[in-house]
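The structure under discussion appears below in the form of structure tokens.
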Amino acid sequence: MITKCLYPVAGYGTRFLPATKSMPKEMMPVVDKPLIQYAVEEAMNAGVTDMGFVTGRTKRAIEDHFDINYELEKEIAGSGKEQRLSSIREVMAACTFSYTRQKQMQGLGHAILTGKSLVGDNPFGVILADDLCINPEGQGVLAQMATLFNQFRCSIVAVQEVPEDEIHKYGVIAGEAISDDIIRVTDMVEKPAKEDAPSNLAVIGRYILTPDIFDIIESTPPGKNGEVQITDAILTQAKQGCVLAYRFKGNRFDCGSVPGFIEATNYVYENYFCC
Numbered sequence: 001m002i003t004k005c006l007y008p009v010a011g012y013g014t015r016f017l018p019a020t021k022s023m024p025k026e027m028m029p030v031v032d033k034p035l036i037q038y039a040v041e042e043a044m045n046a047g048v049t050d051m052g053f054v055t056g057r058t059k060r061a062i063e064d065h066f067d068i069n070y071e072l073e074k075e076i077a078g079s080g081k082e083q084r085l086s087s088i089r090e091v092m093a094a095c096t097f098s099y100t101r102q103k104q105m106q107g108l109g110h111a112i113l114t115g116k117s118l119v120g121d122n123p124f125g126v127i128l129a130d131d132l133c134i135n136p137e138g139q140g141v142l143a144q145m146a147t148l149f150n151q152f153r154c155s156i157v158a159v160q161e162v163p164e165d166e167i168h169k170y171g172v173i174a175g176e177a178i179s180d181d182i183i184r185v186t187d188m189v190e191k192p193a194k195e196d197a198p199s200n201l202a203v204i205g206r207y208i209l210t211p212d213i214f215d216i217i218e219s220t221p222p223g224k225n226g227e228v229q230i231t232d233a234i235l236t237q238a239k240q241g242c243v244l245a246y247r248f249k250g251n252r253f254d255c256g257s258v259p260g261f262i263e264a265t266n267y268v269y270e271n272y273f274c275c
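Start counting the sequence shown at 1; every next residue gets the next number (UniProt numbering).
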């Protein structure tokens, strides 16, 4: 059973400048809740209780969000406003939180390697909080993947079909279909040109990884943009054993982009808040 999840949250969020100049992009609210809380609640839905954050400078607001604010809570105690803290209090009561800093931005692979001390020799989830995933029909995406992991006991990446003109933004997989929703990965390419892409199945910000990935990352040379790409490490893992790609159920919003963030805000408001 997956009980640990890593959140790489050290990035600068440059697509949202100047808003993210001093505020973590993961703290940007979709209606009344920050992206990082949606991500943690998704992991909770999958049975995860140990949350590990790979942070950087200017990210202390994330730690503060998952902690008690004595002044605020005293001020609103007994009022109708106190109910607005119920969701974050439930998260804080159910989970433990640990943090480590990524001192240099060297890619997602390096960020995950930095979190090794937080997960130890255990399989673990990885959630990129700026990919907001909502499944109104049932389990969250990480919970769906955890069910598969319990069956196959190997690394799993979440994928979805993307338009050709967006392929260059993603890691893209190719493989052998096991079922309509499950593919055994045989190839992965980081941000290919559309003419070089092995398929239109793009990896989004949900992973379950087995702990051998850390040794693989350590021996993975820098790839595209001089960064240690998790795509390259997972491809090595696929060649050495087995990695599955999963077409998840639900909606995914790219909240790292302004259009995706606005789309997510409208969707959450219209489906969960609007009368």
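From the three backbone atoms N, C-alpha and C, an ideal C-beta is built for every residue, glycine too.
Asked, Found
"Report the CB separation of asparagine 122 from lysine 4 in whole angstroms; it is logged as a contact under 8 Å.", "6 Å"
"Looking only at its own chain, which residues have a Cβ that is under 7 Å from the Cβ of isoleucine 43, when we skip the five neighbours before and after it?", "In the sequence as presented, isoleucine is not what sits at residue 43; that position holds alanine. Excluding positions up to five away in sequence, the list reads Cys5, Met51, Gly125, Ile127 and Leu142."
"For proline 18, I'd like the list of residues in its chain whose CB is within less than 7 Å of its CB, leaving aside the five on either flank, ordered along the chain.", "none"
"Quick one: give me the first and last residue of the beta strand (DSSP E) that glycine 184 is part of.", "Residue 184 is actually arginine in this sequence, not glycine. Looking at the DSSP string, the run of the beta strand (DSSP E) that includes arginine 184 is 182–190."
"Pairing CB atoms from the region 128–139 with CB atoms from the region 241–253, are three or more of them under 8 Å?", "yes"
"Could you check where the beta strand (DSSP E) with methionine 51 kicks off and where it finishes?", "50–55"
"For a test of the three-state rule: what should DSSP assign to asparagine 135, helix, strand or coil?", "coil"
"Are the region 79–94 and the region 208–228 touching by the rule of at least three beta carbon pairs closer than 8 Å?", "no"
"Please specify which runs of the alpha helix (DSSP H), each continuous and at least 4 residues long, are wholly inside the region 35–101, giving them in chain order.", "35–45, 60–65, 70–76 and 86–94"
"For the structure I just gave you, are there three or more beta carbon pairs, one from the region 147–166 and one from the region 195–212, closer than 8 Å?", "yes"
"Would you identify the three-state DSSP class for glycine 140, choosing helix, strand or coil?", "coil"
"Can you tell me where the beta strand (DSSP E) with glutamine 160 in it begins and where it stops?", "155–161"
"Where does arginine 60 land, buried or exposed, given buried means 16+ other C-beta within 10 angstroms?", "exposed"
"Would DSSP call valine 31 helix, strand or coil?", "coil"
"Nearest-angstrom Cα distance between arginine 206 and asparagine 69?", "30 Å"
"Could you give the distance in angstroms between the alpha-carbon of proline 22 and the alpha-carbon of threonine 58?", "Residue 22 is actually serine in this sequence, not proline. Going by the C-alpha atoms only, they are around 6 Å apart."
"Just mark glutamate 63 as buried or exposed, buried being the case when its beta carbon has 16 or more other beta carbons within 10 Å.", "exposed"
"Should aspartate 190 go down as buried or exposed, given a rule of 16 or more other Cβ atoms within 10 Å for buried?", "According to the sequence as given, residue 190 is glutamate; it is not aspartate. Buried is the call here."
"Locate the alpha helix (DSSP H) running through lysine 103, then write down its first and last residues.", "Premise fails: lysine 103 is in no alpha helix (DSSP H) and is neither H nor E."
"What's the C-alpha gap between phenylalanine 152 and glycine 226?", "33 Å"
"When we look at the beta-carbon of methionine 27 and count the other beta-carbons within 10 Å, is it buried (16 or more) or exposed?", "buried"
"Taking tyrosine 246 as the reference, give the member of Ala146, Leu235, Thr231 and Val258 with the closest Cα.", "Ala146"
"Sort Gln102, Asp67, Arg101 and Gly171 by Cα distance to leucine 85 and report the nearest one.", "Asp67"
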